[in-house]
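What follows is one structure encoded as structure tokens, with my remarks underneath.
Shown next, in the form of structure tokens:
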């Protein structure tokens with residue numbers, strides 16, 4: 012920077028010795044600088060954001076992330092933009108200035124995932140049956156190797172005209188998305204098999220149909 016400063020000062024001295032109007036030249040350079048600065052504002056912002064991303068490293072190539080409304084795998088990180096490949100196999104280019112102003116969720120850095128299950132049981136289900144169902148489901152879920160120890164929670168959240176609300180949640184160390192989908196399928200099948208063994212059916216929202224005679 013000092014070297015370039017010397018060059019600039021030397022240039023102005025040479026122009027002054029050649030009897031040019033330095034004031035007009037400085038004014039013209041000032042206006043030009045303003046125009047260039049405005050035109051390059053977004054570019055500079057993206058470059059600075061790229062430097063911040065490179066420094067903070069909220070994600071690296073290969074991470075599965077959510078940036079704004081986009082989800083996908085990071086394929087390229089540049090100083091001006093970042094590219095991710097979505098689950099639809101589409102490449103999305105996002106300006107780094109947009110990324111620094113958005114919430115970034117890095118699923119790859121997760122150590123566990125939470126899975127919530129909501130069941131709507133018939134109102135006529137007896138309390139004893141409900142209690143036994145909760146005990147059996149807890150035992151089955153806790154016996155699963157892919158379920159974190161002491162993470163299973165089962166409770167009745169309330170009831171309404173559509174049925175009794177039974178809610179469950181648990182944690183699993185499976186963080187890969189495809190593996191997590193397979194895990195959810197396995198857990199759902201276990202719950203369905205338990206309901207079948209207990210002869211309990213899922214309750215559906217009811218609808219009343221009225222026929223009016225003319």
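In the working numbering, the protein residues as written are 12 to 225. Note that beta-carbon positions come from the ideal geometry of N, C-alpha and C, so glycine has one too.
How far does the alpha helix (DSSP H) with residue i in it extend, from its first residue to its last?
i           : result
residue 188 : 188 to 208
residue 142 : 138 to 153
Which residue marks the beginning of the beta strand (DSSP E) containing residue i, and which one marks its end?
i           : result
residue 226 : Here the chain has residues from 12 to 225 only, and residue 226 is not among them.
residue 164 : 164 to 171
residue 86  : 81 to 88
residue 185 : It is not in any beta strand (DSSP E) - residue 185 carries neither H nor E in the DSSP assignment.
residue 104 : 102 to 106
residue 95  : 92 to 97
residue 78  : 75 to 78
Closest by CA to residue i, which one among the options?
i           : options           : result
residue 121 : 140, 69, 196      : 69
residue 105 : 164, 209, 64      : 64
residue 179 : 202, 186, 189     : 202
residue 215 : 173, 78, 20       : 173
residue 59  : 110, 20, 114, 14  : 110
residue 175 : 25, 144, 75       : 144
residue 158 : 127, 142, 171     : 127
residue 170 : 135, 148, 154     : 135
residue 198 : 168, 161, 66, 148 : 148
Helix, strand or coil for residue i per DSSP?
i           : result
residue 220 : Interpretation of residue 220 is limited by its pLDDT of 49, a score under 50 that renders its predicted location unreliable; the figure taken from the coordinates is listed afterwards. It is coil, neither helix nor strand.
residue 112 : coil
residue 121 : coil
residue 13  : helix
residue 20  : helix
residue 61  : helix
residue 211 : coil
Just to confirm, is the Cβ distance from residue i to residue j under 8 Å?
i           : j           : result
residue 103 : residue 73  : no
residue 140 : residue 211 : yes
residue 123 : residue 188 : no
residue 205 : residue 146 : no
residue 107 : residue 91  : yes
residue 78  : residue 113 : yes
residue 186 : residue 118 : yes
residue 85  : residue 98  : no
**OP:** Inspect the CB distances between the region 184 to 196 and the region 130 to 138 and report whether three or more fall short of 8 Å.
**Re:** no
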